[in-house]
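Have a look at the structure below, then the notes.
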Amino acid sequence: MKEFFIKIWNAVVAFFKNEKDSIVKPTVVLLCICIIIPLALAVTNKVTVKQIAKLEAQNAKTAMEELVKADKFNEQTTKGITFNVAQKDGADVAYIFKTSAKGYGGANSVTVMTAIGPDGKILNLKVLDVSNETPGLGQNASKPEFYLQFKGMSGKIAITDIDTVTSATITSKAVMTAVNDALAQFKELSITPKPLPENNTDETEVKTDEK
């Protein structure tokens, strides 16, 4: 029996000696590939995620600057709600919310940024994304002539309060839902509504009393 195992061992050793070029090298190469590729993917993903986050932050800042004239925008999270406070001359002039709703293109296919003034009324808003909605129909919700009709509204908006996009009622409702969500979040934050000074607002700018 001992001699049998010795023969088997010698055969195995001889096999690897004879086949080392055809087995060992490919095995080493395959092992290197299995290690290097996942590592490269992990590094690439880490860099890509950072770049995407940076780009999204830049796009968000640009959108907020279009909605409200302010010195700075401070991101805050209160009661689980993340929003931005627009400040000018040291005073809060707007609270900005980014919300999404289910449209014709599916869950969260419509994204809206809404700026609400200290008085609880919508100062300005912008439809950020309707790319998954129907071209020529639902995507028309991204046009100012549709979404700017929400300016000045407050409370809970009903579909009868707005003019829907022609042949795109679902997308129109999604925009309304996203805006209502922003208004609800403002209310949830328990921000005490207060009137803005008269003749103190325009299409894109909110001013405060000079000190």
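According to this note's numbering, the residues represented by the sequence shown are -4 to 206, in order. Every residue gets a Cβ at the ideal spot worked out from N, C-alpha and C, and that includes glycine.
Report task. Would you tell me roughly how many angstroms separate the C-alpha atoms of Lys168 and Glu183, rounded to the nearest one? Result -> In the sequence shown, the residue the question calls residue 168 occupies position 173. In the sequence shown, the residue the question calls residue 183 occupies position 188. Approximately 22 Å, taken between the alpha carbons.
**Report entry** Which residues DSSP lists as bridging Tyr90, in chain order
**Finding:** Start at 1 with the first residue of the sequence shown, and residue 90 comes out as number 95. Partner(s): Val80 and Ile111.
Query raised in the report: Which whole-angstrom value is the C-beta distance of Ser104 and Asn135, which I expect to be below 8 Å?
Result: In the sequence shown, residue 104 corresponds to position 109, counting from 1. In the sequence shown, residue 135 corresponds to position 140, counting from 1. That pair is no contact at about 14 Å.
Query raised in the report: Taking the alpha-carbon positions, what's the Asn54 to Val170 distance?
Result: In the sequence shown, residue 54 corresponds to position 59, counting from 1. In the sequence shown, residue 170 corresponds to position 175, counting from 1. Roughly 20 Å between the two C-alpha positions.
Query raised in the report: Between the beta-carbon of Ile117 and the beta-carbon of Thr106, is there less than 8 Å?
Result: Mapped onto the sequence shown, residue 117 falls at position 122. Mapped onto the sequence shown, residue 106 falls at position 111. Their beta carbons are not under 8 Å apart, which means Ile117 does not touch Thr106 by this criterion.
Requested in this report: Given a cut-off of 8 Å, decide if Ala173 and Ala96 are closer than it, judged by their beta-carbon atoms.
Outcome: The count along the sequence shown starts at 1 and reaches residue 96 at position 101. The count along the sequence shown starts at 1 and reaches residue 173 at position 178. Yes, these two residues count as a Cβ contact at 8 Å.
Report task. Run the CB neighbour count on Asn5, radius 10 Å, all protein chains shown included, and call it buried at 16 or more, exposed below. Result -> What you label residue 5 is simply residue 10 of the sequence shown in a count that begins at 1. Asn5 comes out exposed.
Query raised in the report: Which same chain residues, not among the five before or five after Lys138, have their C-beta less than 7 Å away from its C-beta?
Result: For the purposes of this step, residue 138 is taken as residue 143 along the sequence shown, with counting starting at 1. Counting only Cβ-Cβ distances below 7 Å, and skipping sequence neighbours, we find nothing.
Query raised in the report: Would DSSP call Ser167 helix, strand or coil?
Result: Indexing the sequence shown from 1 puts residue 167 at position 172. Three-state DSSP puts Ser167 in a helix.
Requested in this report: Would you tell me roughly how many angstroms separate the C-alpha atoms of Lys121 and Ile28, rounded to the nearest one?
Outcome: Indexing the sequence shown from 1 puts residue 121 at position 126. Indexing the sequence shown from 1 puts residue 28 at position 33. Straight-line Cα distance between these residues: approximately 47 Å.
Query raised in the report: Run through DSSP, which three-state label would Ser137 get?
Result: Here residue 137 refers to the residue found at position 142 of the sequence shown. In the structure shown, Ser137 sits in a helix (DSSP, three-state: H, G or I).
Query raised in the report: Which same chain residues, not among the five before or five after Asp176, have their C-beta less than 6 Å away from its C-beta?
Result: Taking the sequence shown and counting its residues from 1, one reaches residue 176 at position 181. The residues are Thr94.
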